[in-house]
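**Q** Attaching a single structure in structure tokens format; questions to follow.
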Amino acid sequence: MNPTLPPLRESLEAHGLLAKKSFGQHFLLDLNITRKIVRLAGPFEGRAVIEVGPGPGGLTRALMESDAGPVVLIEKDPRFIPLLSELDTGDGRLAIIEADALKVREAELVTGPAHLVSNLPYNVGTALLIKWLTGPWLPHALTLMFQKEVAERIVASPGDDAYGRLAIIAQAVCEARIVMHLPAAAFTPPPKVASAVVHLIPHATRPEPATLKRLETITASAFGQRRKMLRSSLKTLGGATLCEAAGIDPDARAETIDLAGFLRLADALA
């Protein structure tokens, strides 16, 4: 890290930058917090790290201090590119890509296993997670900040109010746990909700893409009408016949079915 860098707030003021609500931006400027997130994400052991939505670079500064190899930033807001460029130490470790992360092909940006470490923009966090979980490129590990409500949906268990599609897709691919909670006051500007950091480690093998696609189809129907029995909510997919083929009680509700049960339903749908 460049020891001559000014504090983040000074850098933001010098560049006249404010968070854009339309981009879901809430900045994390406390380097003690960003360093803790990076410690929770590591060790990186020289592997590449991708950061989405770095904004003014609070998390980037901590990543550049870490044992990460190349640090690749994907930033949609062109206003931040000059500010992020100031973090370049000239050793070739930092790469800045001005792009929409939903459209980026990550495999073209890094070689070998890579980590994802990001304070994700609130308005696209879930869409990005689904992209990484179900797409062709899967990171070595993901350490991502979401709204607390979204984080709880990722790690939820059967019977929890938050249990649904996101928990099933995430846990079919990864082991997921919340590793840190942050109050709204930690951000500039403060959002209306608290946040949490989720650490996801992919299982040794993940379901085939076709299985994941069927899992998405089944969970969309099952949780789209979560108070109904599966015989009703899955009616267009086979209803009771599908459930019986998967060894699932057709009178059960989606919120009571565990991941293994949903995977059996996905296999039966095939």
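Residue numbers (the UniProt record's numbering): 1 to 270.
Ideal placement from N, C-alpha and C gives every residue a C-beta, glycine not left out.
Would you check if the distance between the CB atom of Val197 and the CB atom of Ile37 is smaller than 8 Å?
**A** For Val197 and Ile37, yes; Cβs fall inside 8 Å.
**Q** Below 8 Å on the Cβ atoms is my guess for Ser118 versus Leu144; work out the distance and round it to an integer in Å.
**A** The Cβ separation is near 5 Å, so the contact holds.
**Q** Does the separation of the CB atoms of Pro207 and Leu259 fall below 8 Å?
**A** No.
**Q** Could you compute how far the alpha carbon of Gly57 sits from the alpha carbon of Leu116?
**A** Approximately 15 Å between the Cα atoms of the pair.
**Q** Quick check: the stretch 30-45 against the stretch 60-74, are there 3 or more CB pairs under 8 Å?
**A** With the cut-off at 8 Å, the stretch 30-45 and the stretch 60-74 touch.
**Q** So, for Val150: in the same chain, excluding its five sequence neighbours on each side, which residues have a beta-carbon less than 7 Å away from its beta-carbon?
**A** Same-chain partners within the cutoff: Gly125 and Thr126.
**Q** In this structure, does DSSP put Asn32 in helix, strand or coil?
**A** Three-state DSSP puts Asn32 in a helix.
**Q** Pull up the distance between the alpha-carbon of Asp160 and that of Lys76, whole angstroms please.
**A** So the two alpha carbons sit approximately 35 Å from each other.
**Q** Would you kindly work out how many angstroms separate the C-alpha atoms of Leu28 and Glu175, rounded to a whole number?
**A** Going from the Cα of Leu28 to the Cα of Glu175 covers about 26 Å.
**Q** What runs of the beta strand (DSSP E), each 3 residues or longer, lie entirely inside the stretch 181-234?
**A** You should have 195-202.
**Q** How close, in whole Å, do the beta carbons of Arg231 and Pro250 come, if the pair is a contact with beta carbons under 8 Å?
**A** Indeed, because the Cβ distance is near 4 Å, the residues count as touching under 8 Å.
**Q** Where do the N-terminal and C-terminal ends of the beta strand (DSSP E) with Ala48 fall, by residue?
**A** Ala48 to Val52 is the extent of the beta strand (DSSP E) around Ala48.
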